[in-house]
Amino acid sequence: MIAFDSSALTKLVVRERETAPLRAWLAEHEEAAWSASSLTRVEVVRAVARVDAAAVPDARRLLAGMDLVPMGPDLLEAAADLGPPSLRSPDAIHLATARSLGSALEVFVVYDERLAEAAVDAGLPVVAPS
């Protein structure tokens with residue numbers, strides 16, 4: 060299972076410097092299932108809408124094909140205690156979501172530096188193809 064933060068998923072819809080390397084990396088891992096926090100449903104759609112409103116349906120299709128982990132009370136409680144206090148709340152939710160996948164997690168695709176550092180500190184495998 061590959062877990063994603065919202066910035067990584069946004070790069071798959073809106074062309075950024077990392078889009079081509081990320082797509083190439085994912086092509087090498089095409090058998091893996093994709094997962095993310097249900098928070099990405101809000102973050103990715105809004106990020107895409109700010110840049111290219113016409114691409115919002117593409118964002119919704121991308122998200123529809125993924126396993127979106129609900130933000131239940133246990134996950135939110137875990138997020139409250141994860142990482143350094145400087146880690147933003149949405150990033151703590153992404154981190155808690157990736158950790159909740161347990162041994163099914165192969166790698167966490169993260170482009171936010173603080174989140175990546177917190178994920179590494181939590182013992183998660185992290186990648187940011189660029």
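Under this note's numbering, the residues of the sequence shown are numbered 60 to 189, in order. Note that the Cβ used here is the ideal one computed from N, Cα and C, for glycine as well. Predicted model, so just to flag it, every value in this text is computed and none were measured.
Under the rule that 16 or more other beta-carbon atoms within 10 Å means buried, what is A79, buried or exposed? Sequence index remark: in the sequence shown, residue 79 carries index 20 (1-based). It counts as exposed.
I need the boundaries of the beta strand (DSSP E) containing A62, first residue and last residue. Working through the sequence shown from its first residue, we reach residue 62 at position 3. Per DSSP, A62 belongs to the beta strand (DSSP E) from 61 to 63.
CA-CA distance, A157 and R119? Along the sequence shown, read from residue 1 onward, the residue named residue 157 stands at position 98. Along the sequence shown, read from residue 1 onward, the residue named residue 119 stands at position 60. Their backbone Cα atoms lie some 21 Å apart in a straight line.
From R100, D111, I61, S97, residue whose alpha carbon lies closest to that of H88: The count along the sequence shown starts at 1 and reaches residue 88 at position 29. Nearest in C-alpha terms to H88, of all of R100, D111, I61, S97, is I61.
Could you spell out where the beta strand (DSSP E) holding A95 opens and where it closes? Residue mapping note: residue 95 aligns to position 36 of the sequence shown, counting from 1. Note, A95: beta strand (DSSP E), 93 to 96.
Separation of L146 from R173, as counted between CA atoms: By one-based count along the sequence shown, residue 173 stands at place 114. By one-based count along the sequence shown, residue 146 stands at place 87. Rounded to whole angstroms, R173 to L146 spans 6 Å at the Cα level.
Alpha carbons only, please: which of A181, L71, K70, A187 is nearest the one belonging to A137? Counted from its first residue, the sequence shown places residue 137 at position 78. The candidate whose alpha carbon is nearest that of A137 is A181.
Mind checking whether the beta-carbon of G124 lies closer than 8 Å to any heavy atom of the ligand SAH? What this structure holds is no ligand at all, so the ligand SAH is not there to describe.
Over the uninterrupted beta strand (DSSP E) stretch that includes D126, give me the two end residues. Residue mapping note: residue 126 aligns to position 67 of the sequence shown, counting from 1. Run containing D126: 126 to 128, per the beta strand (DSSP E) assignment.
Helix, strand or coil for V107, going by three-state DSSP, please let me know. In the sequence shown, counting from the first residue as 1, residue 107 sits at position 48. The answer is helix: DSSP assigns V107 an H, G or I state.
Would you kindly report the start and end of the unbroken beta strand (DSSP E) that includes Y168? By one-based count along the sequence shown, residue 168 stands at place 109. The residue you asked about is not Tyr; residue 168 is Val in the sequence shown. Unbroken beta strand (DSSP E) run through V168: 166 to 168.
V186 - DSSP class collapsed to helix/strand/coil: Residue numbering aside, residue 186 sits at position 127 when the sequence shown is read from its first letter. Strand, per DSSP.
So what's R147 in DSSP terms, helix, strand or just coil? On the sequence shown, residue 147 is found 88 positions in, with the first residue counted as 1. Correct three-state label for R147: coil.
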